[in-house]
Amino acid sequence: DAGITQSPRHKVTETGTPVTLRCHQTENHRYMYWYRQDPGHGLRLIHYSYGVKDTDKGEVSDGYSVSRSKTEDFLLTLESATSSQTSVYFCAIRLAANTGELFFGEGSRLTVL
Amino acid sequence: GESVGLHLPTLSVQEGDNSIINCAYSNSASDYFIWYKQESGKGPQFIIDIRSNMDKRQGQRVTVLLNKTVKHLSLQIAATQPGDSAVYFCAESSIWGGGADGLTFGKGTHLIIQP
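For the record, the sequence lines run as chains A and B.
Residue 511 is where the first sequence starts when you use the numbering used here, and the numbers rise one by one after that.
Residue 15 is where the second sequence starts when you use the numbering used here, and the numbers rise one by one after that.
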């Protein structure tokens, strides 16, 4: 089974502080994704990666950066958190090249005060 | 822009009845569609998918129907059980064009099971 570990699972921080969320996978999948989920908006794509050091922007990328220095880790960074970035963040991996199915982690709940 | 949406935010059904959750999409280039189930506090879980060269696909107690003419997708759940209570999302993609940029999600339908 595909394994994704997101950390931290819960975080409370203050406006203006930097925050990094980590997504770790165990099976060398090429494609990784960061989504945010907010009431009334469903899941929206922030950034995605198609390989080590290969990343691209999604629908709601403003205020976020990502890095992928090795296959298993995909980091999402909020350089200066704002209250509008309070959300639940989900990491996902694409299981195979010939399918669009994504496998999701359990989420990281971020509260920015 | 292109979007995937749902007709109803909440659907209430009696236990044992069949449930039908609907989804409309507007991107005519979409060639892959998928349904997810999300329980409270958890990540979305795969239910069933369908490609644009099909109009129906069945799984265990679930059926997905695709009508490309009117850009409509539906999820049918047979003999709904209490464990089916969740939020259901449809999503779409264009995987034949590479598909690296993931899935586009609708806003979700909350399925409530009445005893």
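We put the beta carbon where it would ideally sit given N, CA and C, even for glycine.
Quick caveat: nothing in here was measured; it's all calculated off a predicted structure.
Cross-strand partners of residue i (DSSP beta bridge)
i, result
"Lys-521(A)", "Leu-620(A)"
"Val-101(B)", "Gln-52(B), His-124(B)"
"His-141(B)", "With chain B running from 15 to 129 in the structure shown, residue 141(B) is simply not present."
"Glu-106(B)", "Phe-47(B), Thr-118(B)"
Any chain B beta carbon closer than 8 Å to residue i
i, result
"Thr-609(A)", "yes"
"Glu-537(A)", "no"
"Tyr-541(A)", "yes"
"Phe-584(A)", "no"
"Leu-623(A)", "no"
Contacts of residue i in chain A (Cβ-Cβ under 7 Å)
i, result
"Lys-70(B)", "Here the premise fails: no neighbours, minimum Cβ distance about 18 Å."
Interface flag, residue i vs chain A, CB-CB below 8 Å
i, result
"His-21(B)", "Note that His-21(B) has pLDDT 47, beneath the 50 cutoff, so the model's placement of it is unreliable and no number is given."
"Glu-16(B)", "Note on Glu-16(B): pLDDT 36, under 50, position unreliable in the model; the coordinate value appears next. Judged by the 8 Å Cβ criterion, Glu-16(B) is not in contact with chain A."
"Ala-38(B)", "no"
"Asp-115(B)", "yes"
"Lys-121(B)", "yes"
"Ile-48(B)", "yes"
Boundaries of the beta strand (DSSP E) in which residue i is found, first to last residue
i, result
"Ser-26(B)", "24 to 28"
"Lys-567(A)", "564 to 567"
"Asp-583(A)", "583 to 588"
"Arg-532(A)", "529 to 535"
"Gly-526(A)", "Taken as a continuous stretch (DSSP letters only), Gly-526(A) belongs to no beta strand (DSSP E), as it is neither H nor E."
"Ser-66(B)", "First-last for Ser-66(B): undefined, no H or E at that position."
"Ser-593(A)", "Element bounds for Ser-593(A): n/a, residue is neither H nor E."
"Tyr-545(A)", "542 to 548"
Contact set between residue i and chain B, taken where Cβ atoms lie within less than 8 Å
i, result
"Gly-513(A)", "Correct list: empty, because the minimum Cβ distance to chain B is about 12 Å."
"His-600(A)", "Note on residue identity: the sequence assigns Phe, not His, to residue 600(A). Those are Gly-57, Pro-58, listed as they occur along chain B."
Proximal residues of chain A, C-beta to C-beta of residue i below 8 Å
i, result
"Ile-109(B)", "Asn-608, Thr-609, Gly-610"
Could you tell me whether the region 92 to 103 of chain B touches the region 23 to 39 of chain B, where touching means 3 or more Cβ pairs closer than 8 Å? The answer is yes - the region 23 to 39 of chain B touches the region 92 to 103 of chain B, with three or more Cβ pairs under 8 Å.
Under 8 Å, with one C-beta from each stretch per pair, do the region 587 to 605 of chain A and the region 32 to 43 of chain B reach the 3-pair mark? With the cut-off at 8 Å, the region 587 to 605 of chain A and the region 32 to 43 of chain B do not touch.
Are three or more beta carbon pairs between the region 580 to 589 of chain A and the region 524 to 536 of chain A nearer than 8 Å? Short answer: they touch.
Is it true that the region 97 to 106 of chain B meets the region 48 to 57 of chain B, where meeting means three or more beta-carbon pairs spaced less than 8 Å apart? Cβ pair count under 8 Å is three or more, so yes.
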